[in-house]
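Novice: Here's a structure for you.
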Amino acid sequence: FEPLLMGITRASLNTESFISAASFQETTRVLTNAATAGQTDYLRGLKENVAVGRLIPAGTGLHEYRNIIVGNTSEEQDDAESIQKAVS
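With the first letter of the sequence shown counted as 1, position 26 gets the number 335 in this note's numbering; the numbers rise by one all the way through.
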């Protein structure tokens with residue numbers, strides 16, 4: 310392991326969350342790349358949850374996330390399939 314010193318811009322763009330990366334700089338490029346690659350942001354961090362107006366997974370919001378089971382409801386799945394068909 311060799312330490313690598315990066316500027317704050319590059320460090321903030323080097324994250325699994327494209328919403329977190331887009332909130333800092335190069336928003337259009339980051340969101341365009343994520344959309345064309347079909348990426349999914351699982352909203353696990355603080356910044357991405359704040360950006361979309363959700364309770365953050367920390368402090369008093371941690372209890373809400375403790376026993377959560379992530380999955381699609383049948384209605385959400387139907388919506389996703391409809392969107393996929395419309396785009397194809």
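C-beta atoms are modelled at their ideal positions from N, C-alpha and C, and glycine is treated no differently.
To the nearest angstrom, report how far apart Leu313 and Ser391 are at their CA atoms.
Specialist: Taking the sequence shown and counting its residues from 1, one reaches residue 313 at position 4. Taking the sequence shown and counting its residues from 1, one reaches residue 391 at position 82. About 44 Å.
Novice: Given that a residue counts as buried once 16 or more other Cβ atoms are within 10 Å of its Cβ, and exposed if not, what is Leu352?
Specialist: The sequence position of residue 352 within the sequence shown is 43, counting from 1. Buried is the call here.
Novice: With a cut-off of 8 Å on the beta carbons, I'd call Ser329 and Glu357 a contact; round off their distance for me.
Specialist: Numbered from its first residue, the sequence shown carries residue 329 at position 20. Numbered from its first residue, the sequence shown carries residue 357 at position 48. Indeed, because the Cβ distance is near 5 Å, the residues count as touching under 8 Å.
Novice: With distances taken Cα to Cα, identify the nearest neighbour of Val361 among Val396, Ser397, Phe327.
Specialist: Here residue 361 corresponds to residue number 52 of the sequence shown, with the count starting at 1. Nearest option by C-alpha distance: Phe327.
Novice: Less than 7 Å between CB atoms is the rule here; does Gly354 satisfy it with respect to chain B?
Specialist: Protein chain content of the structure displayed is limited to a single chain, and chain B is not contained in it.
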